[in-house]
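Anchor point for the sequence shown: position 128 equals 128 in the numbering used here, and the numbering is continuous, going up by one each time. C-beta atoms are modelled at their ideal positions from N, C-alpha and C, and glycine is treated no differently. Predicted model, so just to flag it, every value in this text is computed and none were measured.
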Amino acid sequence: ALHFIVVTQFFVFLYCKCLWRGLKFVARKFTGRCELQRICYNNKHGARRTLKIGRPTHCLALLQSALSVHPDKVEKTIDDIMALKKINPDTNPQLGISLQASLLQIVGYRSLVAEVEKLRREPYDCENTEHEEMLMKLWKELRPDTPLTGRISKQWCEIGFQGSDPKTDFRGMGLLGLHNLLYFAEHDKATALQMLHDSLQPKHNEINNPEWEQKNIDKAIGYSFAIVGINITDLAFSLLVSGALKTHLYNVAPEMPSLLQFQQTFCYLMQEFHRFWIEEDPSDIMEFNRVRAKFHRRILRQLKNPDMALCPHFSASDLHLVNL
């Protein structure tokens with residue numbers, strides 16, 4: 001019985017493959033265009049086109065190899081593909097332009113994953129002057145009017161770290177977490193400061209501000225800003241590595257997605273999580289994992305739309321204009 005099932009599945013596979021080839025042959029005869037031309041001409045620039053070009057079932061051997069070449073070699077590979085498919089570049093100038101943009105997006109996405117992974121794998125080193133300077137800069141951006149009394153200080157809890165030495169909180173995301181937090185604090189300072197302020201407030205303002213300010217900062221009924229930033233970094237990283245973020249990045253990056261666009265996406269996720277946290281109205285921080293998981297699912301649903309651009313304005317300060 002098992003042998004019969006395997007044989008049946010094999011023949012079904014062959015039938016579907018032959019049917020697919022037949023449909024492509026008919027489409028080419030009817031339109032006068034190969035599949036690659038139909039994808040480029042019938043889909044607008046962005047995720048709709050690039051995701052289709054990147055599918056293995058739609059790739060020539062040459063095109064498949066082009067998806068992993070160096071960006072400098074993409075143009076030469078396109079010339080080879082057009083020669084193989086007998087497409088005249090003079091009568092089809094737009095095809096080369098469209099194909100190059102999509103291939104650069106695909107190659108760039110892979111490069112971005114490698115770049116982000118490298119930052120994530122690099123541990124925070126308190127002996128590294130550059131690392132320490134970034135950390136001190138983060139403090140100055142978020143607490144501009146409050147001098148830090150020492151490198152090891154309980155003051156770090158004021159911006160949402162768990163203890164007296166922030167380096168221990170970067171273990172999971174390495175330097176990537178620090179890079180993202182500093183980018184947010186520098187490039188959308190007003191929003192970052194507002195979120196930090198909100199995160200330290202008592203729930204529903206159940207007590208007045210003077211009374212609250214006299215209480216221990218560790219007992220705020222909000223969330224720890226820096227820790228949440230590292231956690232949202234993990235969420236952004238998982239979206240990137242899983243490929244879910246392709247939809248967004250292919251729609252906002254004209255060609256190669258960059259670390260800058262990843263960091264802008266992080267800023268968007270931070271702001272949206274803040275709004276989502278308030279909407280969910282959790283009883284305390286112990287509900288964080290539940291709220292985060294629900295927020296993650298919502299972002300994944302949005303990214304299934306091939307036209308989705310989470311933050312198309314390229315500026316963190318403009319993110320409130322995005323209509324989801």
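Using CA coordinates, which residue listed in Tyr-124, Glu-279, Asp-198 and Lys-154 is at the minimum distance from Leu-178?
Tyr-124
Is Lys-44 buried or exposed, if buried means 16 or more other CB atoms sit within 10 Å of its CB?
exposed
Would you mind stating whether Met-195 and Met-270 have Cβ atoms separated by less than 8 Å?
yes
Please classify Asn-289: is it buried, with 16 or more other beta-carbons within 10 angstroms of its beta-carbon, or exposed?
Around the CB of Asn-289, fewer than 16 other CB atoms lie within 10 Å, so the residue is classed as exposed.
Taking Cβ positions, are Thr-233 and Phe-273 nearer each other than 8 Å?
no
In terms of residue numbering, what span does the alpha helix (DSSP H) encompassing Gln-302 cover?
288-303
Quick check: the Cα distance between Val-74 and Met-136, rounded to an integer number of angstroms?
42 Å
Could you tell me whether the Cβ atoms of Gln-105 and Tyr-250 are closer together than 8 Å?
yes
Would Gly-163 be called buried (16 or more neighbouring beta carbons within 10 Å of its own) or exposed?
exposed
Where does the unbroken alpha helix (DSSP H) through Ala-83 begin, and where does it stop?
74-84
Classify Gly-177 as helix, strand or coil using the three-state DSSP reduction.
For Gly-177, the secondary structure class from DSSP, reduced to helix, strand or coil, is helix.
To which residues of the same chain is Ile-152 closer than 8 Å at the C-beta, ignoring the five residues directly before and after it?
In its chain, beyond the 5 residues on either side, Ser-164 and Asp-165 have a beta carbon closer than 8 Å to the beta carbon of Ile-152.
Here's the rule I'm using: 16 or more other beta-carbon atoms within 10 Å means buried, otherwise exposed. How should Leu-239 be labelled?
buried
Whose C-beta lies closer than 8 Å to the C-beta of Phe-161 among residues of the same chain, with five residues either side of it excluded?
Asp-169, Ser-224, Ala-226 and Ile-227
Do Arg-120 and Pro-306 have their C-beta atoms closer together than 8 Å?
no
What do you reckon, are the CB atoms on Gly-243 and Phe-184 nearer than 8 Å?
no
On the CB-based measure, 16 or more other CB atoms within 10 Å of its CB, does Val-252 come out buried or exposed?
buried
By a C-beta neighbour count over all protein chains shown, 10 Å radius and 16 as the cutoff for buried, is Gln-264 buried or exposed?
buried
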